[in-house]
Amino acid sequence: MFAESNVAPLSREDVEFNLFQVLKSEHLLQRPEFAHHDQATFNAVLEAAEGLSIEKFQNHYRKSDTFEPTFDGERVTTLAETREAIMSFVEAGFLTAGLDEESGGIRLPFSILQACYAFFQAGNISTTAYLFLTASGSNVIGRFGTRWQKETFMKPMLEGRFLGTMCLSEPQAGSGLADIRTRAVREPDGSYLIRGTKMWISAGEHEMSENIVHLVLARVEGAPKGTRGISLFIVPKYRVNDDGSLGARNDVLLAGLNHKMGWRGITNTVLNFGDNGECQGFLVGEENRGLEYMFVMMNEARISVGTGATVLGVAGYRYSSAYSKTRLQGRLAGQKDPGLPQVPIHLHADVRRMLLTQKAYAEGALALCLYTARLVDDVATDPDPEARERAHLMLELLTPVVKAWPSQFCLEANNLAIQVLGGYGYTRDYPVEQYYRDNRLNPIHEGTNGIMALDLLGRKVGMKAGAAIDDFGERVRADIGVAPQSIQAYANKLGVKLDRLIDMTRSLISDGRSAEYLANASYYANAFGHLTIGWMWLRQASAAENLLIRGEGEGAFLRSKVTAMKFFFDTELDLVENWLSIVPRVQEALLSDVDIV
Numbered sequence: 075m076f077a078e079s080n081v082a083p084l085s086r087e088d089v090e091f092n093l094f095q096v097l098k099s100e101h102l103l104q105r106p107e108f109a110h111h112d113q114a115t116f117n118a119v120l121e122a123a124e125g126l127s128i129e130k131f132q133n134h135y136r137k138s139d140t141f142e143p144t145f146d147g148e149r150v151t152t153l154a155e156t157r158e159a160i161m162s163f164v165e166a167g168f169l170t171a172g173l174d175e176e177s178g179g180i181r182l183p184f185s186i187l188q189a190c191y192a193f194f195q196a197g198n199i200s201t202t203a204y205l206f207l208t209a210s211g212s213n214v215i216g217r218f219g220t221r222w223q224k225e226t227f228m229k230p231m232l233e234g235r236f237l238g239t240m241c242l243s244e245p246q247a248g249s250g251l252a253d254i255r256t257r258a259v260r261e262p263d264g265s266y267l268i269r270g271t272k273m274w275i276s277a278g279e280h281e282m283s284e285n286i287v288h289l290v291l292a293r294v295e296g297a298p299k300g301t302r303g304i305s306l307f308i309v310p311k312y313r314v315n316d317d318g319s320l321g322a323r324n325d326v327l328l329a330g331l332n333h334k335m336g337w338r339g340i341t342n343t344v345l346n347f348g349d350n351g352e353c354q355g356f357l358v359g360e361e362n363r364g365l366e367y368m369f370v371m372m373n374e375a376r377i378s379v380g381t382g383a384t385v386l387g388v389a390g391y392r393y394s395s396a397y398s399k400t401r402l403q404g405r406l407a408g409q410k411d412p413g414l415p416q417v418p419i420h421l422h423a424d425v426r427r428m429l430l431t432q433k434a435y436a437e438g439a440l441a442l443c444l445y446t447a448r449l450v451d452d453v454a455t456d457p458d459p460e461a462r463e464r465a466h467l468m469l470e471l472l473t474p475v476v477k478a479w480p481s482q483f484c485l486e487a488n489n490l491a492i493q494v495l496g497g498y499g500y501t502r503d504y505p506v507e508q509y510y511r512d513n514r515l516n517p518i519h520e521g522t523n524g525i526m527a528l529d530l531l532g533r534k535v536g537m538k539a540g541a542a543i544d545d546f547g548e549r550v551r552a553d554i555g556v557a558p559q560s561i562q563a564y565a566n567k568l569g570v571k572l573d574r575l576i577d578m579t580r581s582l583i584s585d586g587r588s589a590e591y592l593a594n595a596s597y598y599a600n601a602f603g604h605l606t607i608g609w610m611w612l613r614q615a616s617a618a619e620n621l622l623i624r625g626e627g628e629g630a631f632l633r634s635k636v637t638a639m640k641f642f643f644d645t646e647l648d649l650v651e652n653w654l655s656i657v658p659r660v661q662e663a664l665l666s667d668v669d670i671v
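Just so we're aligned, residue 75 is where the sequence shown starts under the numbering used here, counting upward by one.
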């Protein structure tokens, strides 16, 4: 019997605290793009997202894991509840909520929309992925496609009639996109014939929509080698006639389903394009700029992956915390009398350590995800051009962090949630083991964490001659400077770690031994990520302390924020120095070509 919980996997109180007390999202209402809204609208859509996620997404979370999609050689079968959830999401307007009214939306700020999406990811991350792939794909077509492509493919995607995919990886080229072999041959009518195989394609085949729109990376004959010669193509499952009706199959064939340890509710496929020489594709934008266009989708996906990893960490924490208050076992240290009543395990110091660590990781990551989403809003709508440029630089810097840090440390939070439940934790009768399996995919999704670390240290921190890391430092110091006196000692500690990180970064940027220190990029990414989460906790604790001083808000909730911040600073922040001490070392073991046996 699956042990359900009456605890929601994501706290709306926490989401709204971050949006309105930390990020001051109501200030967005002063911008012309969002002036037609008010805070009541923001609260209403968050409430609607929470309710719909519980009713239509969380309701089949375990079932979608137990009964994963099947392929009988002709058709893929998925749960009826999955399609029902997809259509309810579309009908509620969430697929188009970020678009302007002319495009069928209500132009919600991205930060509010991302918070809404977090509820759906917390409810059922694999079902939500069908929708996110569709939304991201439609954004790419909307930005770079022709009028005909928008009318023929994007419009039905936004209506939920067509669903989308992103086809990058191949069996021999996972993260190494420079080595893809899928080919595109120009046809006289302006279309292209596509031939090749794509691997690990989520949502690549199903019967839940009228059509599937694949966005496919391929190399046009004669294109330059490497990533500079990659183009992007729209390749539908079914051809689309001039009147919008569906034609014949487009020579996109399912070679098989991959069976993953998590995200079992979404099909994960091997697709063959053009086995019969009849796979028609349509170039998006210009030839040889496909990776540039796809990065629009990939960067959105990286924020989404980080948010998904975060809410799985939050869900595990909330379940294990609730469990620990009802599970009786043992007695407190020093109580030797076996006749004394057992105590709830949350009173044991080591269980409290595991709960606080989960909270520090997961709620710190949530603050980072929403902060990054707010940067997207600032890039698009801040009235100050200089502020928009700064926001863009910070968004570029933090994108690998928001993808990688939550997917590593919120996975560890799920590990601790299993430990809190003990023997029950690793059984499928309780949800924490599924949270762990679902989250284990995220360090690999949309660029492995190792690639994110290389991106951060090898490119992002040095952008514009170090302007990115300098701006990061200015932002952190600004929050240190306004921290309430009651937590100023913690703020000062963060300042010391920040100085160490920035000094180390500047030294690495000017050193010239990139191949040597990039071997330690993952240690640098851990240090940068932990310091960033410390910053997010300082911002949360400052907001909580200010509310407590004014006598506003729910006291227990606010005090728990301050407690979690202090715990993270006391137990985790010192790791920054340990990791940074490794970064400049020349590690022959990592640079050697000697076999590891």
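Where a beta carbon is used, it is the ideal one built from N, C-alpha and C, also for glycine.
Bear in mind that the values here come from a model prediction, so they are computed numbers and not experimental data.
*asked:* With distance defined between alpha-carbon atoms, name the residue in D411, T140 and Y191 nearest to F163.
replied: Y191
*Secondary structure at P474, three-state DSSP: helix, strand or coil?*
helix
_Using the Cβ count rule (16 or more neighbours within 10 Å means buried), how would you classify M468?_
So M468 ends up on the buried side.
*Three-state secondary structure (DSSP) of F141*: coil
*Proximity of M537 and E470 at Cβ, strictly below 8 Å*: yes
*Kindly give me the distance between the Cβ atoms of A491 and Q432, rounded to whole angstroms, as I take these residues to be in contact under 8 Å.*
6 Å
_Can you look up A203 in the DSSP assignment and give me helix, strand or coil?_
helix
*To which residues of the same chain is V660 closer than 7 Å at the C-beta, ignoring the five residues directly before and after it?*
E590
*Should K137 and A159 be called a contact, given that it needs their Cβ atoms to be closer than 8 Å?*
no
*asked:* If you reduce the DSSP assignment to three classes, tell me which class I304 lands in.
replied: coil
*Of all the options W609, E165, R624 and Q113, which has the alpha carbon lying nearest to the alpha carbon of A434?*
W609
_Just to confirm, is the Cβ distance from V326 to F347 under 8 Å?_
yes
*How many angstroms separate the CA atom of T201 from the CA atom of T220?*
30 Å
*For the candidate residues R302, V388, T271 and L331, whose alpha-carbon lies nearest to that of D88?*
V388
*What are the partner residues of S584, as DSSP defines its beta bridges?*
In DSSP, S584 forms no bridge with anything.
*Burial state of W222, where buried means 16 or more other Cβ atoms lie within 10 Å*: exposed
*In the region 358-434, which residue ranges form an unbroken alpha helix (DSSP H) of at least 4 residues, counting only runs that do not cross its ends?*
364-400
*Which same chain residues, not among the five before or five after R260, have their C-beta less than 8 Å away from its C-beta?*
Y266, V294 and E295
*What is the DSSP secondary structure of Y312, counted as helix, strand or coil?*
strand
*Taking 8 Å as the cut-off, decide whether the C-beta atoms of P676 and L102 are in contact.*
Outside the displayed range of the chain (75 to 671) lies residue 676, so it cannot be described from this structure.
*With a threshold of 16 other CB atoms inside 10 Å of the CB of L264, please say whether the residue is buried or exposed.*
Correcting the residue type first, residue 264 is Gly in the shown sequence and not Leu. Flag for G264 reads exposed.
_Distance between K571 and V550 (C-alpha atoms, nearest Å)_ = Those two C-alpha atoms are separated by around 11 Å.
*Of the residues W653, A539 and F218, which one's Cα is nearest the Cα of A595?*
Among W653, A539 and F218, the Cα nearest to that of A595 is on W653.
*Skipping 5 residues on each side, what residues in its chain have a beta carbon closer than 7 Å to that of Y597?*
W653, I656 and V657
*Would you list the one or two residues that DSSP bridges to I286?*
L237
*asked:* Buried or exposed for E175, going by 16 or more other Cβ atoms inside 10 Å?
replied: exposed
*Could you have a look at K272 and say whether DSSP puts it in helix, strand or coil?*
strand
_Per DSSP, what are the beta-bridge partners of E244 in this structure?_
For E244, the beta-bridge partners assigned by DSSP are A247.
*Hey, out of K334, G364, G629 and A527, whose CA is closest to I275's CA?*
K334
*T606 to S319, Cα distance in whole Å?*
It is roughly 50 Å from the alpha-carbon of T606 to the alpha-carbon of S319.
*Taking the alpha carbon of T645 as the point to measure from, which residue in L568, A527 and I186 has its own alpha carbon closest?*
L568
*Report the residue from N350, G355, T152 and I199 whose alpha carbon sits nearest the alpha carbon of P262.*
G355
*asked:* Which complete alpha helix (DSSP H) runs does the region 452-534 hold, if anything under 4 residues is left out?
replied: 459-495, 506-514 and 523-529
*Figure out for me which residue from R255, L251 and Y312 has the closest Cα to the Cα of Y278.*
According to the sequence provided, residue 278 is Gly. The question's Tyr does not apply to it. Out of R255, L251 and Y312, Y312 has the C-alpha closest to the C-alpha of G278.
*Tell me whether the beta-carbon of I554 lies closer than 8 Å to the beta-carbon of A615.*
no
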